[in-house]
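Heads up: the structure comes next, in structure tokens.
Residue numbers (the numbering used here): 1243 to 1471.
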């Protein structure tokens, strides 16, 4: 998700930038102290989210919001509470009154990210077809905890069963939703099942799965993104 910040106060911009570092799924692509410059940018470049101050020179945040292309999420950030009613008439995602705490900011971000997570949950309900010997098993992906490589086979560890399939790790990953991630040369884990994690392993309750250095950064990023909201 691509975001921009529009605020005539440099300190306000720096604060929001520091808060956005907690959300790896949001990419800050530009900041502006001039609303008209921001409008020129969004008219040419794709933007999903805009943090918008209201009282600014040249053009107010309210006026700018009415000029923006449809589909952009707007979060107003202002020192004044009297514009709240008008902001909701514009269908802004949220209205944050300065000073803005990280906790309040996070709740606002979650209003945007939660629908995407709900879509991911629907994908997790898809059935995964796994061929084992002469049988084909229909596995609900949300019921799969982890996969373990066993020679030329992958062992699917599910809630109530194990299924051994002749396939590679890459073949398994290609049919699994994005809640699954490789953690080791021999393991794939459903991050929704991770209860806790350390530097070298993931705790799934009854099982502890190794985490190798080559996959660590990607795994940590996905776990962080998965638990933001």
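We put the beta carbon where it would ideally sit given N, CA and C, even for glycine.
Rounded to the nearest angstrom, what separates residue i and residue j at their Cα positions?
i: residue 1331; j: residue 1289; result: 21 Å
i: residue 1336; j: residue 1397; result: 46 Å
i: residue 1281; j: residue 1334; result: 17 Å
i: residue 1473; j: residue 1457; result: The question about residue 1473 has no answer, for the chain in this structure spans 1243 to 1471.
i: residue 1419; j: residue 1299; result: 47 Å
i: residue 1263; j: residue 1292; result: 16 Å
i: residue 1273; j: residue 1354; result: 20 Å
i: residue 1266; j: residue 1407; result: 34 Å
i: residue 1435; j: residue 1446; result: 6 Å
i: residue 1311; j: residue 1320; result: 22 Å
i: residue 1303; j: residue 1283; result: 15 Å
i: residue 1402; j: residue 1383; result: 13 Å
i: residue 1305; j: residue 1464; result: 37 Å
i: residue 1308; j: residue 1409; result: 53 Å
i: residue 1481; j: residue 1412; result: Beyond the ends of the chain as shown, which are 1243 and 1471, falls residue 1481; an answer cannot be given.
i: residue 1324; j: residue 1287; result: 31 Å
i: residue 1454; j: residue 1322; result: 49 Å
i: residue 1394; j: residue 1268; result: 39 Å
i: residue 1328; j: residue 1243; result: 26 Å
i: residue 1450; j: residue 1373; result: 26 Å
i: residue 1247; j: residue 1253; result: 12 Å
I need the boundaries of the alpha helix (DSSP H) containing residue i, first residue and last residue.
i: residue 1429; result: No alpha helix (DSSP H) contains residue 1429, which is instead part of the beta strand (DSSP E) from 1429 to 1432.
i: residue 1509; result: No answer is possible for residue 1509: the residues shown for the chain start at 1243 and end at 1471.
i: residue 1304; result: 1303 to 1307
According to DSSP, is residue i part of a helix, a strand, or is it coil?
i: residue 1297; result: coil
i: residue 1414; result: helix
i: residue 1292; result: strand
i: residue 1245; result: strand
i: residue 1454; result: coil
i: residue 1436; result: coil
i: residue 1461; result: helix
i: residue 1448; result: coil
i: residue 1350; result: helix
i: residue 1287; result: coil
i: residue 1324; result: coil
Pull up the DSSP beta-bridge partners for residue i, would you.
i: residue 1424; result: 1430
i: residue 1276; result: Paired residue(s): none; residue 1276 is not in a bridge.
i: residue 1397; result: 1390, 1406
i: residue 1314; result: Looking at the DSSP assignment, residue 1314 forms no beta bridge with any residue, so it has no partner.
i: residue 1331; result: Answer is none; residue 1331 lacks a bridge partner.
i: residue 1269; result: 1244
i: residue 1337; result: 1318
How far does the beta strand (DSSP E) with residue i in it extend, from its first residue to its last?
i: residue 1443; result: 1443 to 1445
i: residue 1381; result: 1377 to 1382
i: residue 1374; result: 1369 to 1374
Does the distance from the C-beta atom of residue i to that of residue j stay below 7 Å?
i: residue 1270; j: residue 1245; result: yes
i: residue 1452; j: residue 1443; result: yes
i: residue 1432; j: residue 1386; result: yes
i: residue 1317; j: residue 1348; result: no
i: residue 1199; j: residue 1339; result: This structure leaves residue 1199 out entirely; the chain is present only between 1243 and 1471.
i: residue 1389; j: residue 1414; result: yes
i: residue 1369; j: residue 1261; result: no
i: residue 1391; j: residue 1416; result: no
i: residue 1275; j: residue 1250; result: yes
i: residue 1461; j: residue 1421; result: no
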